[in-house]
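Numbering (the numbering used here), first residue to last: 50 to 305.
Idealized CB from N, CA, C, for every residue including glycine.
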Amino acid sequence: MTTADRTAPRPGVLERAATVMDVFAYGRHSASLDDVTADTGLPRSTTFRILQQLVALEWLEHGPAGYRLGRRAAALNRTAVDYSTLRAAAADPLADLNMQTGGVCHLGVLEGRFVHYLDKVGGPANRSIPSRVGAQLAADETVSGQVLLAGMQPEDVDRLMGGGALCSSVGGPGAAGLHDRLNRVRAARGVAFSFGDRCTIGISSVAAAVMGPHGPVASISVAARRAVHLESLAPVVVAAATATSASLFPDLRRRR
50 MTTADRTAPR PGVLERAATV MDVFAYGRHS ASLDDVTADT GLPRSTTFRI
100 LQQLVALEWL EHGPAGYRLG RRAAALNRTA VDYSTLRAAA ADPLADLNMQ
150 TGGVCHLGVL EGRFVHYLDK VGGPANRSIP SRVGAQLAAD ETVSGQVLLA
200 GMQPEDVDRL MGGGALCSSV GGPGAAGLHD RLNRVRAARG VAFSFGDRCT
250 IGISSVAAAV MGPHGPVASI SVAARRAVHL ESLAPVVVAA ATATSASLFP
300 DLRRRR
């Protein structure tokens, strides 16, 4: 160790926290404890402590894929997040899905406890569904959000959505109702359904997740305000999500 090394001031708490947050910059979706430790050069115990503090403050979230940006970071950076690559990857699958089903198709991402709609393709049916690009809806109340929540561990869902304070209109009251709904999504291989006869505004919808290397990164859904057989739409919605994933992560299928 040189004299300069001995006299150099230790990084402060804010500087170390900023170094950890930098790991999640430039579109990185998630990182494990080991990833963050390696990228920052901080001791593993220090890294873990900072990560836990950032999760408690909702700057980060912790799920099965590791750590990722949390509600506060998403709210702060929403206007700066570049979703252009995701939107480009989903453009053709959304258009094809609209042509095949005649329904209104959406691309959504999870931002905190909300689904943020990045795109909407509906053609002549566009005005029949009261949604808009840029809108945010509670994740537990939409099929788009449910397929993303279903990719998380139950305890992470509770932490994100507020635990016992939850009241999901589609799955019953409280956290138990939401978890029942998410278990049905998992049992349906990651597909979520909402039937028009159970919806106050008569909209039927089905969604599937766009998968990345560490779990869902987005959702694709189709909605219609008419009588539809949702189970028959599920395969084409899954195909649209799979095509989007293949465009975003061309090496993912080869690794599998």
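Between residue i and residue j, what straight-line distance do the alpha-carbon atoms span, to the nearest angstrom?
i, j, result
"Val-72", "Arg-121", "16 Å"
"Gly-245", "Tyr-132", "31 Å"
"Val-158", "Val-164", "6 Å"
"Pro-262", "Leu-301", "7 Å"
"His-228", "Gln-202", "10 Å"
"Ala-184", "Arg-230", "23 Å"
"Arg-235", "Val-192", "13 Å"
"Ala-66", "Leu-209", "21 Å"
"Thr-86", "Thr-96", "6 Å"
"His-155", "Asn-175", "11 Å"
"Leu-279", "Ile-252", "11 Å"
"Phe-298", "Ala-140", "15 Å"
"Val-62", "Gly-112", "24 Å"
"Arg-247", "Val-104", "36 Å"
"Ala-292", "Leu-82", "31 Å"
"Gln-102", "Tyr-116", "12 Å"
When every heavy atom of the ligand FAD is checked, does at least one fall within less than 7 Å of the C-beta of residue i?
i, result
"Arg-117", "Absent from the structure shown: the ligand FAD. Ligands present: none."
Does DSSP classify residue i as helix, strand or coil?
i, result
"Leu-118", "strand"
"Met-260", "strand"
"Ala-267", "strand"
"Val-72", "coil"
"Glu-107", "coil"
"Leu-167", "strand"
"Phe-355", "Only positions 50 to 305 of the chain appear in this structure, which leaves residue 355 out of reach."
"Ser-193", "helix"
"Asp-81", "What sits at residue 81 in the sequence shown is Ser, not Asp. Looking at Ser-81 - three-state DSSP - the assignment turns out to be coil, as it is neither helix nor strand."
"Ala-184", "coil"
"Ala-272", "strand"
"Leu-91", "coil"
"Gly-112", "strand"
"His-155", "strand"
Between which residues of its own chain and residue i is the CB-CB distance below 7 Å, once the five residues before and five after are set aside?
i, result
"Val-285", "Leu-146, Gln-149, Thr-150"
"Ala-123", "Glu-160, Gly-161"
"Ala-290", "Ala-257, Ala-258, Val-259, Ile-269"
"Thr-89", "Thr-68, Val-69, Val-72, Thr-96"
"Gly-239", "Val-196, Ala-199, Ala-257, Ala-258"
Roughly how far, in whole angstroms, is the beta-carbon of residue i from the beta-carbon of residue j, given that I think they are within contact range, below 8 Å?
i, j, result
"Val-266", "His-78", "6 Å"
"Ser-281", "Val-259", "Going by Cβ atoms, the distance from Ser-281 to Val-259 rounds to 21 Å, so no, they are not a contact pair."
"Val-69", "Leu-118", "Contact doesn't hold; Cβ gap of about 12 Å is too wide."
"Arg-136", "Leu-91", "So it is not a contact: roughly 35 Å between Cβ atoms."
"Ala-272", "Ile-178", "5 Å"
With distances taken from CA atoms, which of the options is nearest residue i?
i, options, result
"Ile-269", "Leu-118, Val-287, Gly-90, Ile-99", "Val-287"
"Ala-257", "Met-210, Arg-93, Leu-143", "Leu-143"
"Glu-110", "Val-206, His-278, Thr-95, Arg-65", "Val-206"
"Ser-296", "Met-70, Ala-138, Gly-61", "Ala-138"
"Glu-107", "Glu-160, Ala-241, Glu-190, Ser-243", "Glu-160"
"Ala-80", "Ala-241, Gly-264, Leu-279, Phe-242", "Gly-264"
"Arg-181", "Ala-187, Thr-291, Val-170, Ala-188", "Val-170"
"Val-277", "Gly-152, Glu-64, Asp-83", "Gly-152"
"Gly-226", "Ile-252, Gln-195, Arg-238", "Gln-195"
"Arg-274", "Ser-94, Pro-173, Glu-64, Gln-102", "Pro-173"
Within its chain, find whatever has a CB closer than 6 Å to the CB of residue i; leave out the 5 residues flanking it on each side and keep chain order.
i, result
"Ala-114", "Ser-79, His-263, Gly-264"
"Ala-283", "Val-240, Val-255"
"Arg-93", "Thr-86"
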